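Asks: Mind having a look at this structure? Questions to follow.
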Amino acid sequence: MKYLIYTSTRKCSRDELRDIYETSRDFNAKKNITGILLYSDKKFIQYLEGEELDLYHLFFDKISKDDRHKRVQLMSFEDHHKRYFPDWSMGEKTVTDGQIAMFDTFKEKKKKKLKDMVGIDLETQMLMDIWRD
Ligand SMILES: Cc1cc2nc3c(=O)[nH]c(=O)nc-3n(C[C@H](O)[C@H](O)[C@H](O)COP(=O)(O)O)c2cc1C
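For the sequence shown, the working numbering begins at 330 and goes up steadily by one.
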């Protein structure tokens, strides 16, 4: 079991977003993939959890090639021992640019190996806090 997080720059309208949710809910439910998609006017952050191969194919074959977003940057693809969003084949939520900026700051720190000090669950925790806010 793994989780995957990426950020990207949104290049789609509200209607296109609705299409993405509908496709995602069906497909993810079939593959037992759960997670959330957070978005602002300009950005996406998506968190997905499931079996390694399913996540791999979904991300590399479909999501990363989708032209409804750009600058897709994979942040994490790590082992997980439990699901944090078991009830959501695709939860969705609008977030502020401030919340995304906070996450981007974290991403920079993580690059500098802060991750090793704080543990990988911190980023999942941050997303859960934003989700529950
Ligand atoms: C930001 C974003 C997130 C997406 N998330 C998912 C997802 O979680 N599950 C999914 O099946 N498709 C997701 N998609 C849509 C896929 O990129 C793709 O369009 C869809 O899986 C249909 O692929 P197919 O035409 O190859 O069957 C997402 C697209 C975008 C732009």
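Backbone N, C-alpha and C define an ideal beta-carbon position, used for all residues, glycine too.
On a predicted model such as this, the values are computed, not experimentally measured, just so you know.
Less than 8 Å between the C-beta atoms of I365 and R397, yes or no?
Replies: Taking the first residue of the sequence shown as 1, we reach residue 365 at position 36. Taking the first residue of the sequence shown as 1, we reach residue 397 at position 68. No, the Cβ-Cβ distance between I365 and R397 is not below 8 Å.
Asks: Where DSSP assigns a beta bridge to K372, which residues make up the other side?
Replies: What you label residue 372 is simply residue 43 of the sequence shown in a count that begins at 1. DSSP output for K372 lists T338 as bridge partner(s).
Asks: Please state whether the Cβ-Cβ distance between S393 and L333 is less than 8 Å.
Replies: The residue labelled residue 393 in the question sits at position 64 within the sequence shown. The residue labelled residue 333 in the question sits at position 4 within the sequence shown. Not closer than 8 Å, so no.
Asks: Report the residue ranges of all beta strand (DSSP E) runs contained in full by the region 362-420; include only those spanning at least 3 residues, in chain order.
Replies: Complete beta strand (DSSP E) runs here, min 3: 363-368, 372-379 and 398-408.
Asks: Any idea which residues DSSP pairs K331 with across the strands?
Replies: Numbered from its first residue, the sequence shown carries residue 331 at position 2. DSSP output for K331 lists G379 and D408 as bridge partner(s).
Asks: Any idea which residues DSSP pairs K436 with across the strands?
Replies: Locating residue 436 in the sequence shown gives position 107, where the first residue counts as 1. Partner(s): none; K436 has no beta bridge.
Asks: Taking 7 Å as the cut-off, is the C-beta of Y361 nearer than that to any heavy atom in ligand 1?
Replies: The residue you call residue 361 lines up with position 32 of the sequence shown. Position check: residue 361 holds Asn in this sequence, whereas Tyr was assumed. No, Cβ of N361 sits at least 7 Å from all heavy atoms of ligand 1.
Asks: Considering only heavy atoms of ligand 1, does any lie closer than 7 Å to the CB of H398?
Replies: Within the sequence shown, numbered from 1, the residue matching residue 398 stands at position 69. Checking every heavy atom of ligand 1 against the Cβ of H398, one is found closer than 7 Å.
Asks: Specify whether the region 367-375 and the region 407-418 touch according to this definition: at least 3 beta carbon pairs, one from each stretch, less than 8 Å apart.
Replies: No, they do not touch.
Asks: Under 7 Å from any heavy atom of ligand 1, does the C-beta of K391 make it?
Replies: Along the sequence shown, read from residue 1 onward, the residue named residue 391 stands at position 62. At least one heavy atom of ligand 1 is nearer than 7 Å to the Cβ of K391, so yes.
Asks: Spatial neighbours of C341 within its chain, please: CB distance less than 6 Å, with the 5 preceding and 5 following residues excluded, ordered by chain position.
Replies: Position 12 of the sequence shown, counting from 1, holds the residue named residue 341. Once the five neighbours on either side are set aside, the close Cβ partners of C341 are R397.
Asks: Just checking my contact of E407 with F435 at CB under 8 Å: how many whole Å lie between their CB atoms?
Replies: The residue you call residue 407 lines up with position 78 of the sequence shown. The residue you call residue 435 lines up with position 106 of the sequence shown. So it is not a contact: roughly 15 Å between Cβ atoms.
Asks: Going straight from the alpha carbon of F389 to that of Y413, what length do you get?
Replies: The residue given as residue 389 occupies position 60 in the sequence shown. The residue given as residue 413 occupies position 84 in the sequence shown. One C-alpha to the other measures close to 22 Å.
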